[in-house]
Amino acid sequence: QLVENWQVQLVAAGIPHSSGCDIRATLADPVQIRGWSIMGLPADSHSVENGIMMEKGRRYPLLVDPQGQGNRFIKNMGK
Numbered sequence: 007q008l009v010e011n012w013q014v015q016l017v018a019a020g021i022p023h024s025s026g027c028d029i030r031a032t033l034a035d036p037v038q039i040r041g042w043s044i045m046g047l048p049a050d051s052h053s054v055e056n057g058i059m060m061e062k063g064r065r066y067p068l069l070v071d072p073q074g075q076g077n078r079f080i081k082n083m084g085k
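FYI, in the working numbering the residues of the sequence shown are 7 to 85.
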């Protein structure tokens with residue numbers, strides 16, 4: 007729903023954009039996403055979008071990680 011709202015706002019503001027654009031296609035590098043996958047980040051879209059926000063954010067992210075996947079991923083990033 008957030009992405010759909012974002013696309014509507016792009017049209018309303020007259021900002022040129024590709025149809026079907028999303029956060030992953032706009033802000034992420036496929037090579038970097040593959041590297042994240044190798045380091046243990048799940049390949050689902052939600053995890054990848056969270057990884058993008060973590061990478062682009064200026065502050066430390068709040069990690070709510072009941073399965074421990076995020077914790078392992080962050081530890082592997084530090085190696």
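Note that CB positions come from ideal geometry on N, CA and C, so glycine has one too.
Residue closest to residue i, alpha-carbon to alpha-carbon, out of the options
i, options, result
"Phe79", "Gly41, Gly63, Ile29 and Arg64", "Gly41"
"Asp71", "Met45, Ser53, Glu61 and Val14", "Ser53"
"Gln73", "Ile39, Glu61 and Leu47", "Leu47"
"Leu8", "Asp28, Ser43 and Leu68", "Asp28"
"Ala49", "Thr32, Lys62, Tyr66 and Gln75", "Gln75"
Proximity of residue i and residue j at Cβ, strictly below 9 Å
i, j, result
"Arg30", "Glu55", "yes"
"Asn77", "Leu69", "yes"
"Gly57", "Ile39", "yes"
"Leu33", "Lys62", "yes"
Three-state secondary structure (DSSP) of residue i
i, result
"Met83", "helix"
"Gly20", "coil"
"Leu8", "helix"
Residue range of the unbroken alpha helix (DSSP H) whose run includes residue i
i, result
"Gly41", "Pro36 to Ile44"
"Leu33", "Ile29 to Leu33"
Item to check | Sequence ranges, alpha helix (DSSP H) only - wholly within the segment 50-77, length at least 4 | outcome: 51-62
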